[in-house]
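K.L.:
Have a look at the structure that comes next, please.
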Amino acid sequence: MHRTALALAALALPFAAQAQSDAPQDDLVARGEYLVTIGGCNDCHTPLKMGDNGPEPDMERMLSGHPAEIVIEGPATLQAPWASAGNVTNTAWSGPWGVSFTANLTPDPETGVLRDMPLELFVATMRTGRHQGQGRAILPPMPWFNYGAATDEDLAAIYAYLQQIPPVTNAVPAPLPPAQ
Amino acid sequence: MPRLSICLAGAAVAAASALAVGSGLSGASGAAPLRGAATVPAPVPAPPTLAETGLYADPARRIVAPGNRPFAPQYPLWTDGATKRRWIRLPEGAPIDASDPDAWDFPAGTRFWKEFSFAGQPVETRYIERLADGSWLFAAYRWAPDGSATLAPAGGVARVYDHGGGRAHAIPSVTDCKVCHMGAPVPVLGFSALQLSLDRDPAALHGEVPPEGALDLAALQAEGRLTGARPGPAPRIAAGDGKARAVLGYLHANCGHCHNATGPLAALGLSLRQTGAAAEAGGQGTARGLTAPIRGRVPGLPATAAARIKAGHPENSALLVRMASRVPALQMPPLGTGLADEEAIAAIRDWIAAMEEDAVQPQRIPEPEH
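Going down the list, the sequences are from chains A and B. Here the working numbering is used: the first residue of the first sequence is 1, the next is one more, and so on. Here the working numbering is used: the first residue of the second sequence is 1001, the next is one more, and so on.
Dropping the structure here:
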């Protein structure tokens, strides 16, 4: 077995062959859009703005993650029974893990989190809940374990959709550690 | 009010996940299959007890079956100071294809066991088996005070031995087993030409004395257990000196299964794997990318640690800073340990401090061979 295939076997093996023989790219993208919509990706990865009817997703920043200009310097102060808190744009989350910021999922060549991530690693990341499939744990509240239960075809569709949405330049800050 | 309900759902997820993070059991929800539900056949179930894996001739007395052979890699993986015992069972008449010294191809039916003990008591035994279809089965068995060992949950067990200070040994999830083992050229990490070399490193960090009857390269060859092995000198890391050899061996065993030139993280340009083939003498063996700038932003990493290794400056070397941290988003390795390895940190600190800036240049990682 080739080394690369072996390395990815448990993480993403089946989908390489599957993706090549699947429906045309347009159908794949449409499927991905559908899954991203019902999967609630926009709820955390698209910042909220205040509209006429209250908070609404800022679709000019669709899926671009926590806005870089909203600087958060430390965790929220919480009292029992509260365990976690979100900020006004619903893109920053504070809890026992520290502060996490939702990632920029757009194909921006400088700041998009998927810019150097091939499909295999995207699938591995969703399956393992770890950065690049092998690194540090993805922080809450990202429900990777739900998306990791998706089929290889569905994850390939999500990836295809994310690759062609409008790029938004937005350098999301690194997570903050928990208060010591 | 869909927006409100979604936000509340998100908060619930956050709270549940917070428990996982707080326990050190990141992602071990028990609901994280590695399979696409519609595309992968059902996995082969692991035996429900350790005894049923065939490790023992007499499970009650923990007498290992004669065909299960002990071995001890010269560069062991450090796991919070656990004492380890390891065995392999090779099927009769089916040798290991050793044509590639860095990626031995094990025959179907090969089984590995590794027992982890703290304070003289076994805590868990991990099990790997190569199945008939060429895939690998990963399982862990948790030891009980009554001396029985049963299959641990697929999501792992967060706290099975208390190290104090809020730290504990965890049995990894099956997902995390694969995170490490499937990143290397072959999922078996401690049984290779380099690890079983007769030219054993006397200065290896946490080096072990092989148990009586342990398999090594010579025994494997004498017993006809290898095919395709290339003749040549005993594998040895081509390091500049003995200290560097030991450090590079440690990095190979503890980091190289993810940080290598052939696995999913190859694009990072950092390889800490050493070869079991003859290599030209040099300061870093076959390690590559050691002194390159770090890529991306690492949560909690000081801005002063801008390079993986800053020659002469261990305090500004991201590799060492991350090894010394146990903040989950910063620590290296990212899983498998609750404690920092102080002995290794000291050795690597000395190694970096002794480096001269001109002596170590960033090196290109060779293209994967396969």
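Backbone N, C-alpha and C fix where the C-beta goes; we use that ideal spot for every residue, glycine too. Small disclaimer: the values here were computed from a predicted structure and weren't measured.
#1: Is any beta-carbon of chain B found at less than 8 Å from that of glutamine 132 of chain A?
#2: With valine 1321 of chain B as the anchor, note down where its alpha helix (DSSP H) starts and where it stops.
#3: Could you name the residues of chain A that leucine 1265 of chain B contacts, counting a contact when the two beta carbons are closer than 7 Å?
#4: For threonine 952 of chain B, which residues of its own chain have a beta-carbon under 6 Å away from its beta-carbon, when the five flanking residues on both sides are left out?
#5: Of the residues B:Leu1320, B:Val1327, B:Lys1310, which one's Cα is nearest the Cα of glycine 1300 of chain B?
#6: At 8 Å on the CB atoms, spell out the chain B contacts of proline 177 of chain A, in chain order.
#7: Applying the criterion that 16 or more other CB atoms from any shown protein chain within 10 Å of the CB defines a buried residue, is proline 1202 of chain B buried or exposed?
#8: Kindly indicate which three-state DSSP category arginine 127 of chain A falls into: helix, strand or coil?
#9: Below 8 Å on the Cβ atoms is my contact criterion, and I expect arginine 127 of chain A with alanine 1329 of chain B to pass it. Report the Cβ-Cβ distance as a whole number of Å.
#10: Relative to the C-alpha of alanine 1139 of chain B, which residue among B:Ala1132, B:Asp1133, B:Gly1156, B:Ser1148 is closest?
#11: Drop a sphere of 10 angstroms on the beta-carbon of glycine 1285 of chain B, count the other beta-carbons inside from all chains shown, and report buried for 16 or more, exposed for fewer.
#12: Run down chain B in chain order and give the residues with a C-beta less than 8 Å from the C-beta of aspartate 116 of chain A.
#13: State the CB to CB distance for the pair leucine 121 of chain A and proline 1264 of chain B, rounded to an integer number of angstroms; the pair is presumed to be in contact (CB under 8 Å).
#14: Using beta carbons (cut-off 8 Å, strictly below), is cysteine 1255 of chain B in contact with chain A?
#15: Can at least three beta-carbon pairs, one atom from the region 1346 to 1353 of chain B and one from the region 1081 to 1096 of chain B, be found at a separation below 8 Å?
#16: Use the C-beta contact count for serine 94 of chain A: other C-beta atoms within 10 angstroms, 16 or more gives buried, fewer gives exposed.
#17: Of all the options B:Pro1235, B:Leu1198, B:Ala1239, which has the alpha carbon lying nearest to the alpha carbon of alanine 1377 of chain B?
#18: Does the structure place the region 1221 to 1232 of chain B close enough to the region 1070 to 1088 of chain B that three or more beta carbon pairs sit under 8 Å?
#19: Under a three-way DSSP split, which group does tryptophan 144 of chain A fall into?
#20: Could you tell me the distance, in whole angstroms, from the CA atom of serine 1148 of chain B to the CA atom of valine 29 of chain A?
#21: Take every Cβ of the region 104 to 116 of chain A, pair it with every Cβ of the region 79 to 87 of chain A, and state whether three or more of those distances are shorter than 8 Å.
#22: In the DSSP assignment, what are the bridge partners of tryptophan 1087 of chain B?
#23: Kindly indicate if chain B contains any beta-carbon less than 8 Å away from that of glutamate 69 of chain A.
#24: Counting pairs of beta carbons, one from the region 1210 to 1218 of chain B and one from the region 1250 to 1259 of chain B, are three or more of them closer than 8 Å?
#25: Would you say leucine 35 of chain A lies against chain B (beta-carbon separation less than 8 Å)?
#26: In terms of DSSP beta bridges, what is arginine 1288 of chain B paired with?
#27: Do you know how far the Cα of glycine 1207 of chain B is from the Cα of alanine 1353 of chain B?
#28: Report buried or exposed for glutamine 1195 of chain B, applying the criterion of at least 16 other Cβ atoms within 10 angstroms of its Cβ.
#29: Per DSSP, what kind of secondary structure is glycine 1010 of chain B in: helix, strand or coil?
#30: For chain B, is any of its Cβ atoms less than 8 Å away from the one on threonine 91 of chain A?
#31: Got a sec, what are the start and stop residues for the beta strand (DSSP E) lysine 49 of chain A sits in?
#32: With H, G and I counted as helix, E and B as strand and the rest as coil, what does DSSP make of histidine 1163 of chain B?
#33: Quick test of your reading: proline 1302 of chain B and valine 1321 of chain B, contact by CB under 8 Å. State the CB separation rounded to the nearest angstrom.
#34: Please confirm whether proline 1311 of chain B and glycine 1283 of chain B have their CB atoms less than 8 Å apart.
#35: How many Å lie between tyrosine 159 of chain A and histidine 1181 of chain B at the Cα?
#36: Consult DSSP for phenylalanine 122 of chain A and reduce its assignment to one of helix, strand or coil.
P.N.:
Walking through what the data contain:
#1: Walking along the first sequence from the start, residue 132 of chain A turns up at place 132. For glutamine 132 of chain A, the answer is yes, since a Cβ of chain B falls inside 8 Å of its Cβ.
#2: Translated into positions along the second sequence, residue 1321 of chain B becomes position 321. Its alpha helix (DSSP H) spans residues 1318 to 1324.
#3: Mapped onto the second sequence, residue 1265 of chain B falls at position 265. Under the 7 Å cutoff, chain A gives Gln132, Gln134.
#4: No statement about residue 952 of chain B is possible, as the shown extent of chain B runs from 1001 to 1370 and does not include it.
#5: By one-based count along the second sequence, residue 1300 of chain B stands at place 300. Looking at the Cα atoms, B:Val1327 is the closest of the given residues.
#6: For the purposes of this step, residue 177 of chain A is identified with residue 177 of the first sequence, where counting begins at 1. Neighbours of proline 177 of chain A in chain B, taken as residues whose beta carbon is under 8 Å from its own, are Pro1299, Gly1300, Val1327, Ala1329, Leu1330 in chain order.
#7: As a working mapping, residue 1202 of chain B is identified with position 202 in the second sequence. Exposed is the call here.
#8: Residue mapping note: residue 127 of chain A aligns to position 127 of the first sequence, counting from 1. Three-state DSSP puts arginine 127 of chain A in a helix.
#9: The residue you call residue 127 of chain A lines up with position 127 of the first sequence. The residue you call residue 1329 of chain B lines up with position 329 of the second sequence. So it is not a contact: roughly 20 Å between Cβ atoms.
#10: Here residue 1139 of chain B corresponds to residue number 139 of the second sequence, with the count starting at 1. When each option's Cα is compared against that of alanine 1139 of chain B, the closest is B:Gly1156.
#11: Working through the second sequence from its first residue, we reach residue 1285 of chain B at position 285. The residue in question, glycine 1285 of chain B, is buried, as its Cβ has 16 or more Cβ neighbours within 10 Å.
#12: Your numbering for residue 116 of chain A matches position 116 in the first sequence. Identification of chain B residues near aspartate 116 of chain A by a Cβ-Cβ cut-off of 8 Å yields Ala1267, ordered along the chain.
#13: Here residue 121 of chain A is taken as the residue at index 121 of the first sequence, counted from 1. Here residue 1264 of chain B is taken as the residue at index 264 of the second sequence, counted from 1. 6 Å between Cβ atoms; contact.
#14: Walking along the second sequence from the start, residue 1255 of chain B turns up at place 255. Output row for cysteine 1255 of chain B: interface = no.
#15: Output reads no: the region 1081 to 1096 of chain B does not touch the region 1346 to 1353 of chain B.
#16: Here residue 94 of chain A is taken as the residue at index 94 of the first sequence, counted from 1. Around the beta carbon of serine 94 of chain A, 16 or more other beta carbons lie within 10 angstroms, which makes this residue buried.
#17: The structure shown does not extend to residue 1377 of chain B, since chain B is modelled only from 1001 to 1370, so the question has no answer here.
#18: Between the region 1070 to 1088 of chain B and the region 1221 to 1232 of chain B, the count of C-beta pairs closer than 8 Å stays below three; the two stretches do not touch.
#19: By 1-based counting over the first sequence, the position of residue 144 of chain A is 144. Helix, per DSSP.
#20: As a position in the second sequence, residue 1148 of chain B is number 148, starting the count at 1. As a position in the first sequence, residue 29 of chain A is number 29, starting the count at 1. Between serine 1148 of chain B and valine 29 of chain A, the C-alpha separation is close to 52 Å.
#21: A contact between stretches requires three or more CB pairs, one per stretch, nearer than 8 Å, and the region 104 to 116 of chain A fails this requirement with the region 79 to 87 of chain A.
#22: Numbered from its first residue, the second sequence carries residue 1087 of chain B at position 87. According to DSSP, tryptophan 1087 of chain B bridges with B:Pro1070, B:Trp1113.
#23: On the first sequence, position 69 is the one that residue 69 of chain A refers to. Not an interface residue.
#24: Here the region 1210 to 1218 of chain B makes no contact with the region 1250 to 1259 of chain B; the two share fewer than three CB pairs at distances below 8 Å.
#25: Here residue 35 of chain A corresponds to residue number 35 of the first sequence, with the count starting at 1. Closer than 8 Å: no.
#26: Counting from 1 along the second sequence, the entry for residue 1288 of chain B is found at position 288. In DSSP, arginine 1288 of chain B forms a bridge with B:Ser1271.
#27: Taking the second sequence and counting its residues from 1, the one referred to as residue 1353 of chain B is at position 353. Taking the second sequence and counting its residues from 1, the one referred to as residue 1207 of chain B is at position 207. Between alanine 1353 of chain B and glycine 1207 of chain B, the C-alpha separation is close to 23 Å.
#28: Stepping through the second sequence from its first residue, residue 1195 of chain B is reached at position 195. Classification of glutamine 1195 of chain B: buried, given that the 10 Å Cβ count is 16 or more.
#29: Counted from its first residue, the second sequence places residue 1010 of chain B at position 10. With a pLDDT of 39 at glycine 1010 of chain B, under the threshold of 50, the modelled position of this residue cannot be trusted; read the value that follows with caution. Looking at glycine 1010 of chain B - three-state DSSP - the assignment turns out to be helix.
#30: The residue labelled residue 91 of chain A in the question sits at position 91 within the first sequence. Not one chain B Cβ lies under 8 Å of threonine 91 of chain A.
#31: Here residue 49 of chain A is taken as the residue at index 49 of the first sequence, counted from 1. In the DSSP assignment, lysine 49 of chain A falls within the beta strand (DSSP E) that extends over 48 to 51.
#32: What you label residue 1163 of chain B is simply residue 163 of the second sequence in a count that begins at 1. If DSSP states are grouped into helix, strand and coil, histidine 1163 of chain B belongs with the strands.
#33: Start at 1 with the first residue of the second sequence, and residue 1302 of chain B comes out as number 302. Start at 1 with the first residue of the second sequence, and residue 1321 of chain B comes out as number 321. Contact holds; Cβ gap of about 7 Å.
#34: What you label residue 1311 of chain B is simply residue 311 of the second sequence in a count that begins at 1. What you label residue 1283 of chain B is simply residue 283 of the second sequence in a count that begins at 1. Checking the sequence shown, residue 1311 of chain B turns out to be alanine, not proline. Taking the C-beta atoms as reference points, glycine 1283 of chain B is found no nearer than 8 Å to alanine 1311 of chain B.
#35: For this step, residue 159 of chain A is matched to residue 159 along the first sequence. For this step, residue 1181 of chain B is matched to residue 181 along the second sequence. Cα to Cα, tyrosine 159 of chain A sits roughly 25 Å from histidine 1181 of chain B.
#36: Taking the first sequence and counting its residues from 1, the one referred to as residue 122 of chain A is at position 122. It is helical.
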